[in-house]
Structure formats: C-alpha cells, structure tokens
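A short write-up of the structure that comes next.
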Amino acid sequence: MIRVAIDAMGGDLGPRIAFESALEVLKKYDDVDISIYHHESYSPVNSSNLPISTVSCSDYILQDDIVDRALFRRKETTLYKALKSLSSKEHDVVVTVGNTGVMVALSRFILGLVRPRLYPALIRELGSAPLRCLVDLGANVHCQATMLEGFACLGAAYIEACGNQIAHVGLLNVGVESSKGSSVIREVDRALSRRSWPVYAGYAEGDEIFKGEKNVIVCDGMVGNAVLKASEGLLSFINTELNASHDKDIIHSLFKGGRNHGACLVGVGGNVVKGHGGSDAIALTGAVEYGIEMAKNNLHEKISAKINKEVV
Numbered sequence: 301m302i303r304v305a306i307d308a309m310g311g312d313l314g315p316r317i318a319f320e321s322a323l324e325v326l327k328k329y330d331d332v333d334i335s336i337y338h339h340e341s342y343s344p345v346n347s348s349n350l351p352i353s354t355v356s357c358s359d360y361i362l363q364d365d366i367v368d369r370a371l372f373r374r375k376e377t378t379l380y381k382a383l384k385s386l387s388s389k390e391h392d393v394v395v396t397v398g399n400t401g402v403m404v405a406l407s408r409f410i411l412g413l414v415r416p417r418l419y420p421a422l423i424r425e426l427g428s429a430p431l432r433c434l435v436d437l438g439a440n441v442h443c444q445a446t447m448l449e450g451f452a453c454l455g456a457a458y459i460e461a462c463g464n465q466i467a468h469v470g471l472l473n474v475g476v477e478s479s480k481g482s483s484v485i486r487e488v489d490r491a492l493s494r495r496s497w498p499v500y501a502g503y504a505e506g507d508e509i510f511k512g513e514k515n516v517i518v519c520d521g522m523v524g525n526a527v528l529k530a531s532e533g534l535l536s537f538i539n540t541e542l543n544a545s546h547d548k549d550i551i552h553s554l555f556k557g558g559r560n561h562g563a564c565l566v567g568v569g570g571n572v573v574k575g576h577g578g579s580d581a582i583a584l585t586g587a588v589e590y591g592i593e594m595a596k597n598n599l600h601e602k603i604s605a606k607i608n609k610e611v612v
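In this note's numbering, each residue's number is its place in the sequence shown (first place is 1) plus 300.
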C-alpha cells in the first residue's frame, strides 16, 4: 500500500483542489491511501467511500512567507506536519503546491540530506522516451560551482534510477565553446570533466534542452525556472493560437514534458513532489500520480544508494 500525504494549502485555487485530485487518484488505484493536511478553517466534505484521511492543522504556509528562524518553530503548519509524517515513515511521499523556498528549507530541516553539502534540487522530466530532465528549477537561485556539480550528480542518479539508461550530463551555457560562460560555469565544466561519474558531455545550448544525447541538463534555479515557465508559456500560446485539434496534440506532445505535472525534490531524505502553485485538479492529480510512481519505485532509496556509491 502506497501512503500519500498531500499538503492542501498554498495553491492558488485553494484546498478544494486537493480533495478533488485525491478522489480522482483513488478511483484509479486500489493500493493507495491518501491523507490530506488542511487548515482548520476549511471544512472538507468526503461523500465517497474512498480511503481519504484528513488532518486538521492550526497553521499553514503562505506563498509570500520567507525562510527565517521562526519558520522552523511553526510545527503546526500543514507542510511541516506532512513532512514530519514522511520522516517518521507514516507516509511514502509528500505532494505540495505551496511555497517552493519554504518547502526546500523544511525538507532539508526535517528529512535531512542524502549527503552532507550536497544541496537538494528540483528536477523536472522533459521527456520520457527516452527519459531526460532539467535540474534545478528554482530550489537554489544563487549557486556556487560545487552546487552545480552536485546537481549534475543528483540528475544523473535520478535518470539512472528511473530510466534504465546511462546519464549524459550537459551544462547549460550560452555556447559550446570552452571560452563561453561565466567563471562559475567554466569552473563547473572543469570539475565535471575530471569526474569518472557521471558521464559529462560538455556544454549544452538552449536548443538541446528537449532533444539530443544529453539527457541531464544542469543550470541554476533562476535559469531553470525561467526555462520551464517560458516553455509552459509557449505551449499555452501555441495551443491558444492553433485551431486544428490534431495539430494541437502534436505540439503538446513536444512540450508537455515527461510523465507528470510535478517536479521531484532530489537530495533530501524522502520522496517529495512539488506541483505548480497554479495547479488545477488535473495537474495536481498528475503530480500525485507521479509521487505514487516514485514511491512504488523506491526512488529516494535508489538515488541515495547511487549517490553514496559514486560521489566522493
């Protein structure tokens, strides 16, 4: 039985979306239990006989909350309690659409790191056949060279744990020439070139994000988030402008990215999925299904084993 904890607070559309998504998921899966962590001001209605548990909390995280010392004392927030249940093995995965910075900070604090000084990162699948991903998507905005090197390892571990394929890492840059890029990017390039794992394929330009042999594209969180949002915006624009539904399906298949509507926080001691703050019930359902798949595949354990074997 896969046990899912959903943080129902923090999304643009409110906690109702979490309950709608849970009902959809449980109609498809008979080996899943779902617990929804919601604020006490919300009165959930579950008229079905499906196994949904609710946990009422006296506090929750707002989208504009900042990461400070007070945050770690707010133990009654929905996100804190959901992550705590993951750390105590009450659940197998946590799904949230709330504040990204707070999610990363609390996950590090409550779940711990896979490896000391290896910063966790958000990974999004860009395609599933074959699997390819982009890392980081916004968990870390200001990145030193060692952080980007760590993202390469986390992305490679993710690809090799999920996709039964060898990771080929590309470092996103403004060109493929050795002279291109900032001093940080060039330092990362040298560091990755010296490693025996993962396989480093050099710089990647923007047109290689969705195609080519490089199946792990590494960048800092500012760039990764901008790339992801620009791709989503382009998809929305194209779908709006195109009238032929067949053509729309073709375009959507190019940009929809992987098998899910969420991103995986890799590098912490548990399975955590971050959904978009604007997720509707369909998108959150996809994020929850992604979390179920992660838990069934023991993704966190596989990535941890790979990192501890390869990273020195």
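C-beta: ideal position from N, C-alpha, C; glycine also.
Reduced DSSP category for residue i - H, G, I as helix; E, B as strand; rest coil
i      : result
Asp507 : helix
Gly291 : What the structure shows of the chain is the stretch from 301 to 612, and residue 291 is not part of that stretch, so it cannot be assessed.
Ser428 : strand
Ala457 : helix
Lys327 : helix
Gly512 : coil
Val568 : strand
Lys381 : helix
Ser353 : strand
Ala501 : strand
Lys529 : helix
Ile336 : strand
Ile433 : In the sequence on display, residue 433 carries Cys and not Ile. Of the three classes helix, strand and coil, the one that applies to Cys433 here is strand, per DSSP.
Val441 : coil
Leu413 : strand
Val291 : Residue numbering for the chain in the displayed model covers 301 to 612; residue 291 lies beyond these limits and cannot be assessed.
Leu422 : strand
Val573 : strand
Gly557 : At Gly557 the pLDDT is 46, less than 50, meaning the model places this residue with poor confidence; the figure from the coordinates comes in the next sentence. DSSP places Gly557 in coil when its eight states are reduced to three.
Gly310 : coil
Gly475 : coil
Gly463 : coil
Gly562 : strand
Candidates the options, of which the one nearest residue i by Cα
i      : options                           : result
Asp436 : Ala595, Ser321, Thr354 and Glu449 : Glu449
His339 : Lys381, Asn597 and Glu477         : Lys381
Asp312 : Leu434, Leu584, Ser531 and Val573 : Leu584
Gly455 : Val476, Glu477, Arg432 and Asn440 : Arg432
Gly591 : Cys462, Asp364, Ile361 and Gly427 : Cys462
Ala429 : Glu513, Asn571, His576 and Val518 : Glu513
Ile352 : Asp330, Ser531 and Glu593         : Asp330
Ala563 : Gly570, Ile423 and Arg486         : Ile423
Glu320 : Ile582, Ser604, Ala595 and Met594 : Ile582
Asp520 : Leu534, Trp497, Asp507 and Ser482 : Ser482
Asp507 : Val474, Lys529, Asp580 and Lys480 : Val474
Glu425 : Val441, Asp580 and His561         : His561
Gly438 : Gly575, Glu487, Asp368 and Ser341 : Gly575
Gln363 : Gly577, Glu593, Ala457 and Ile603 : Gly577
Lys511 : Gly427, Val367, Arg369 and Asp368 : Gly427
Ile603 : Ala457, Ala445 and Asp365         : Ala457
Contacting residues, own chain, Cβ-Cβ under 6 Å from residue i (five flanking each side not counted)
i      : result
Arg303 : Asp333, His391 and Asp392
Ile361 : Gly310, Thr377, Leu379, Gly398, Asn399 and Val402
Ser387 : Ile410 and Leu411
Val395 : Ile306, Val573, Ala587, Val588 and Gly591
Ile517 : Leu434, Gly470, Leu472, Ala504 and Ile509
Gly569 : Leu411 and Gly412
Asp359 : Arg374, Glu376 and Thr377
Cys443 : Asp520
Ile485 : Asn473
Ser356 : Glu340
Tyr342 : Pro315
Cβ neighbours of residue i in the same chain (closer than 7 Å, five flanking residues each side left out)
i      : result
Arg415 : Ile607, Asn608 and Val611
Thr354 : Ile336, His338 and Pro344
Ala308 : Pro315, Ala318, Ile336, Tyr337, His338 and Thr378
Ala595 : Ile302, Asp392, Val393 and Asn571
Val476 : Gly502, Tyr503 and Glu505
Leu383 : Val394, Leu406, Ser407, Ile410 and Leu411
Phe372 : Phe409
Ala421 : Val435, Asp436, Ala439, Asn440, Phe451, Leu454, Val566 and Gly567
Lys389 : none
Extent of the continuous alpha helix (DSSP H) to which residue i belongs
i      : result
His600 : Leu599 to Glu610
Asp485 : As written in the sequence, residue 485 is Ile, which differs from the Asp given in the question. It spans Ser483 to Ser493 - the alpha helix (DSSP H) in which Ile485 sits, taken as one unbroken run.
Boundaries (first-last residue) of the beta strand (DSSP E) holding residue i
i      : result
Ala581 : From DSSP, Ala581 is part of no beta strand (DSSP E) but of the alpha helix (DSSP H) over Ala581 to Lys596.
Arg303 : Ile302 to Asp307
His468 : His468 to Leu472
Val296 : Past the edges of the chain, shown from 301 to 612, lies residue 296, and the structure says nothing about it.
Neighbourhood of residue i by C-beta, 8 Å cutoff - its chain only, sequence neighbours within 5 removed
i      : result
Leu418 : Gly450, Cys453, Leu454, Gly567, Ile607 and Val611
Ala501 : His468, Val469, Gly470, Glu513 and Lys514
Lys480 : Asn473, Val474 and Tyr503
Gln465 : Pro430, Leu431, Ile459 and Asn515
> Should the region 398-408 be called in touch with the region 592-601, which here means at least 3 C-beta pairs below 8 Å?
Replying inline: no
> How do the region 524-535 and the region 482-494 stand: do at least 3 beta-carbon pairs fall below 8 Å, yes or no?
Replying inline: no
> Is the region 321-330 close to the region 365-379, with three or more CB pairs under 8 Å?
Replying inline: no
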